[in-house]
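Accompanying notes for the structure given below.
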Amino acid sequence: MISSVASSSYWTTTAVVTMFSALPRLPRTTGCSAGCRPPIARRSAGDSSSGSSIRLNCSDPSRREREIRGPKASAVVRPVGRGCGSVTRRAVLAWDMGAEEEVGYSRCFLRARNGEELLFCIRREVEAGKLSSEIATRLEELYYNYRNAVMQSGDPSAKEIILSNMAVAFDRVLLDVEDPFSFSPCHKAIREPFDYYMFGQNYLRPLIDFRTSYIGNLSLFFDMEEKLKRGHNIILFSNHQTEADPALIALLLERTNLYFTEKIAFVAGDRVVTDPLCKPFSMGRNLICVYSKKHMHDVPELIEMKRRENTRSLKEMALLLRSGSQVIWIAPSGGRDRPDPLTGEWNPAPFDASSVDNMRSLLDHSGVVGHMYPLALLCYEVMPPPREVEKQIGERRKISFHGIGLSVAPKINFAEITAGCENPDEAKEVFSQAAYDSMIEHYNVLESAIYGCKGLNASNSIVSLSQPWL
C-alpha cells in the first residue's frame with residue numbers, strides 16, 4: 000500500500016484495520032491437544048537461520064516434534080494452548096485501565112449493571128445530543144456481535160467479560176466523540192492515565208480460542224527481540240486480515256515476547272484513526288499514520304493534502320529507523336485480505352513490489368543494522384472485513400470466537416535473492432515475490448494446522464481434531 004518512496008510527493012501504505020496465491024496450497028492437517036504454557040523452542044547451535052522450516056508451538060509434551068511437510072516447508076505443529084492468554088483471565092474493568100482518573104465526562108456506561116442498562120445509556124446519550132443516531136446504531140450492533148462471540152467461548156465469566164469490556168469501549172468512544180483525539184504522523188501508544196494498549200488486549204482476548212491457535216517459529220521471535228535490544232532495526236512484511244491484527248499479534252506473543260510486541264510500530268491507514276469505533280483501539284498502538292493507496296482518490300480535492308501528509312509520515316519513519324531499535328510492521332498488499340468473489344476462498348493478497356522496495360530502501364539508508372522478515376497471519380474468522388473495499392467510514396463489524404495463527408519466516412537478504420537480476424526493476428520484483436512466497440508458505444502451514452484436513456504427507460501420525468483438546 001505504499002507507492003514510491005523515491006518520489007516523496009506520492010507515498011502511501013497499508014490501513015491498520017484482493018486475493019491471489021502464487022503458490023499451490025498445502026494440504027491441511029490437524030493439531031494436537033493443548034496444555035498450559037507453551038515451551039520456548041529456541042534454535043540450537045546447529046540450526047540454520049535461513050531456509051523454509053516452520054516450527055509451530057504447543058505445550059503438550061506427549062505430542063512434540065510432529066513434523067508436517069509441504070511442497071517447500073516442513074513444520075512441527077503445536078497449538079498455543081490456554082496458557083498463552085486464557086479467556087478465563089478476569090475481564091477488563093474501567094478502573095484497571097485508569098478511566099476513573101479522568102473526570103468531566105459521562106460515566107453512564109461504567110455504571111451499567113447489565114446489557115439492558117448499557118444499551119439504555121446509548122439511547123440516553125443520543126437524546127442528550129452527545130452521540131449521533133448513526134454511531135449509536137453501530138454501537139448497539141457491536142454490542143450484540145461481541146456478546147454472541149464471547150458467549151461462543153463457553154467461559155463461565157462470559158457475561159461479566161461482555162459487560163465490562165463493552166462498557167469501557169462505549170465510554171472511550173463517547174469520550175472521543177466529545178473531545179476528538181488527533182493522531183500525529185508517528186503516534187506512540189497511550190498507556191496512562193488510561194492504558195489504551197491493555198484495553199485493546201483485554202477486549203480482544205476473549206475472542207481467541209487459544210486451544211486451537213498456533214505460533215510458528217517462536218525461536219525467531221526471540222532472535223528478533225535480541226536484535227532489537229542490540230539496537231538493530233526490523234521490518235516485518237506481513238499479510239493483513241482484520242482491524243484487530245495488532246492486538247491479535249500481541250496476544251499470541253504476550254507470554255513469550257512482550258518487549259517485542261510493545262515495540263512494534265504499525266503502518267496504519269487513515270480509516271483506523273478516523274472511525275469513532277476504531278480510534279480508542281488505535282490509540283493504544285504505536286502507529287505510523289498514512290493515507291491508504293486504496294483510498295487516495297476517494298475525494299479528488301484531498302489528494303494533494305494526503306500526499307503531503309504521507310511525505311511527512313515518510314520522514315518520521317526515516318527518523319525512527321535512524322534512531323535504531325525499531326520494529327515496523329507493514330502490509331505491502333495495501334489492505335486487508337479478502338475472499339475470492341467466485342470461490343469464497345481466503346488467500347493473502349499479493350505484495351506490491353514498490354512497497355517492499357521502499358521499506359528496504361529506508362532500512363538500508365538508516366545507518367543502522369537492519370533485518371527483514373516475512374510474517375504470516377491467519378485470523379480473519381475473528382473479525383472479517385467487508386467483502387469489498389468500502390469508501391465510506393463506518394463498516395459493519397462481524398465478530399466470532401476462533402483460533403488464530405502467527406508465523407515468522409527466516410529473514411530475507413536482498414543481495415542474495417537478487418544476485419542474478421540484470422536491472423533494479425527486476426531485482427525489486429524478484430525480492431518482493433520472494434518475500435510474498437515465503438509468507439504464503441507459512442500461511443498455508445498455519446491454515447493446515449488450524450482447519451485440518453486428511454491426506455497430509457507427514458513424517459509422523461497426525462492428531463485428529465476429533466480427539467479431545469485439553
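According to numbering that gives the first Met the number 0, the sequence shown is numbered sequentially starting from 0.
A virtual CB, placed ideally from N, CA and C, is assigned to each residue, including glycine.
With contacts defined as CB atoms closer than 7 Å, V326 and I233 qualify as a contacting pair.
By a beta-carbon distance limit of 8 Å, Y372 does not contact Q240. Their separation comes to about 18 Å. The Cβ atoms of A188 and R123 lie no closer than 7 Å to each other. The residues I411 and I416, in chain order, have a CB closer than 7 Å to that of A433 in the same chain once the five nearest residues on each side in sequence are set aside. Inter-residue distance for D436 and E446 is about 15 Å (C-alpha atoms, whole angstroms).
Assigned with DSSP and collapsed to three states, N346 falls in coil, not helix or strand. Restricting attention to beta strand (DSSP E) runs no shorter than 3 residues, the region 310 to 358 encloses them at 326 to 329, ordered along the chain. Straight across, the Cα-Cα distance linking R307 with D244 is about 27 Å.
In the DSSP assignment, A418 falls outside any beta strand (DSSP E) and carries neither an H nor an E. Scanning its chain for C-beta atoms nearer than 6 Å, with the 5 sequence neighbours on each side dropped, one finds around L374 the residues L235, S237 and V407, in chain order.
By the Cβ neighbour-count rule, D178 is exposed, with fewer than 16 other Cβ atoms within 10 Å of its own.
Looking from the CA of K397, the closest CA among M438, H231 and M382 belongs to M382. A Cβ-Cβ separation of about 40 Å leaves L173 out of contact with K228 under the 8 Å criterion. With fewer than 16 other beta carbons inside 10 angstroms of its own, D363 counts as exposed. Taken through DSSP and simplified to helix, strand or coil, M382 comes out as coil.
Note that the region 344 to 359 does not touch the region 244 to 254; fewer than 3 beta-carbon pairs, one per stretch, sit closer than 8 Å. Nearest to L206 by C-alpha distance, out of F182, L247, M223 and E191, is L247.
Contact annotation: F400 and A148 have beta-carbon atoms nearer than 7 Å. Cβ-Cβ distances below 7 Å link E225 to nothing in the same chain once the five nearest sequence neighbours on each side are left out.
G153 carries a coil assignment under DSSP once its states are collapsed to helix, strand and coil. Contact annotation: C288 and P423 have beta-carbon atoms that are not nearer than 7 Å. Measuring C-alpha to C-alpha distances from H231 to each of R210, P331, N201 and L320 identifies L320 as the nearest.
Apart from the 5 residues on each side of it in sequence, H441 sits with its Cβ closer than 6 Å to the Cβ of I53, G215, A375, S406 and A408 in its chain, given in chain order. For Y372, the enclosing beta strand (DSSP E) stretches over residues G369 to L377. For L173, the secondary structure class from DSSP, reduced to helix, strand or coil, is helix. Here the alpha carbons of I121 and I263 stand approximately 34 Å from one another. DSSP places A264 in no alpha helix (DSSP H) but in the uninterrupted beta strand (DSSP E) bounded by I263 to A267.
Burial is judged here by how many other beta carbons sit within 10 angstroms of a residue's own beta carbon; G333 has at least 16 and is buried.
Within the model, the alpha-carbon separation for E242 versus A426 is close to 32 Å. In the three-state DSSP reduction, S237 falls in the strand class (E or B). Inter-residue distance for F209 and G419 is about 43 Å (C-alpha atoms, whole angstroms). Pairing S324 with G404, the inter-Cα distance amounts to about 26 Å.
In summary, P275 is buried, with 16 or more beta-carbon neighbours lying within 10 Å of its beta-carbon over all protein chains present.
Nearest neighbour of N309 by Cα position, chosen from D269, W328, T342 and G343, turns out to be D269. Taking a C-beta distance under 7 Å as the contact criterion, M282 and Y195 qualify as a contact pair.
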